[in-house]
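Inspection log for the structure reproduced underneath, given as structure tokens.
Residue numbers (the numbering used here): -12 to 141.
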């Protein structure tokens, strides 16, 4: 009878040992999955932080570029107003043919001749350059957005 009890105890010990091994194996498996999940969470947290940083940068770029555009528009509006009021005049270099009364040596004039533009023509020219300035500012804003949001950081 004593041998039967020993066998039962050995069977129970073997079953407990197998159960313990299975529990340890499961624990190791669960631990590995938890480590993988933790790594994934870390990757996602870094991605979210990177996205937030990019969004902050894009918002700052929008603010800066809007200010540049607003300032340029204000300066151009003031220039157009001064031209319209006659307080600002525009002129361009001009060359006039020399009319000589006698066939003698010509006179050398180092001063540059200038022709003043009509205020309406000046306003039209300034309006054209304003459109170009605004297009350049918009293009620079687009380049900033592409560099900040689309290209990998160095």
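All C-beta atoms, glycine included, are put in the ideal place defined by N, C-alpha and C. Keep in mind that this is a model prediction, so the values were computed, not measured.
Residue i - DSSP class collapsed to helix/strand/coil
i	result
residue 103	strand
residue 0	helix
With 16 other Cβ atoms within 10 Å as the buried cut-off, status of residue i
i	result
residue 35	exposed
residue 113	buried
residue 70	buried
Proximity below 8 Å, CB of residue i to CB of residue j
i	j	result
residue 125	residue 45	no
residue 81	residue 102	yes
residue 83	residue 108	no
residue 157	residue 22	This structure cannot settle anything about residue 157, because the visible part of the chain is limited to -12 through 141.
residue 63	residue 117	yes
residue 79	residue 104	yes
Residues near residue i in its chain [Cβ-Cβ closer than 8 Å; skip 5 each side]
i	result
residue 47	none
residue 132	45, 48
Just list the alpha helix (DSSP H) runs in the region 47 to 91, keeping only unbroken ones of 4 residues or longer that don't cross its boundaries, in chain order. Entirely contained in the region 47 to 91, not one alpha helix (DSSP H) run reaches 4 residues.
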